[in-house]
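A.B. asks: In my numbering, the protein residues as written are -10 to 63. Don't be surprised by glycine CBs; every beta carbon is placed ideally from N, CA and C. Owing to the predicted nature of the structure, the values given are computational and were not obtained by experimental measurement. Got a structure for you, questions after.
Printed below as a string of structure tokens:
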């Protein structure tokens, strides 16, 4: 039983690290990697509503930034 709980705890810690890395990547403008990392975090810890909300929000931010960049390059 203790090993199962330890495994769950470690998985949650790993998902938290991936989530932070995803947010940092988006902050740097690396939208593709950032959204991918946020997807991984949400997949690894599907009950974490913060991960799911950040994925949805940051995916929208990434799309808006990429569209704006494309429009400015015309």
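From residue 4 to residue 55, what does the alpha carbon distance come to, in whole angstroms?
C.D. replies: Start at 1 with the first residue of the chain shown, and residue 4 comes out as number 15. Start at 1 with the first residue of the chain shown, and residue 55 comes out as number 66. When rounded, the distance between both Cα atoms is 26 Å.
A.B. asks: Tell me, to the nearest whole angstrom, how far the beta carbon of residue 51 is from that of residue 20; I am working on the premise that it is less than 8 Å.
C.D. replies: Here the question's residue 51 lines up with position 62 in the chain shown. Here the question's residue 20 lines up with position 31 in the chain shown. About 4 Å; that satisfies the 8 Å criterion.
A.B. asks: Determine the direct distance from the alpha carbon of residue 62 to that of residue 40, and round the result to whole angstroms.
C.D. replies: Taking the chain shown and counting its residues from 1, the one referred to as residue 40 is at position 51. Taking the chain shown and counting its residues from 1, the one referred to as residue 62 is at position 73. Cα to Cα, residue 40 sits roughly 32 Å from residue 62.
A.B. asks: Rounding to the nearest angstrom, what Cα-Cα distance links residue 6 and residue 25 in this structure?
C.D. replies: Against the chain shown, residue 6 aligns to sequence position 17. Against the chain shown, residue 25 aligns to sequence position 36. Each residue's alpha carbon lies about 13 Å from the other.
A.B. asks: Go ahead and pull the three-state DSSP assignment for residue 62.
C.D. replies: For the purposes of this step, residue 62 is taken as the residue at position 73 of the chain shown. The answer is coil: DSSP assigns residue 62 none of H, G, I, E or B.
A.B. asks: Check whether the Cβ atoms of residue 23 and residue 31 lie closer than 8 Å to each other.
C.D. replies: Working through the chain shown from its first residue, we reach residue 23 at position 34. Working through the chain shown from its first residue, we reach residue 31 at position 42. For residue 23 and residue 31, no; Cβs fall outside 8 Å.
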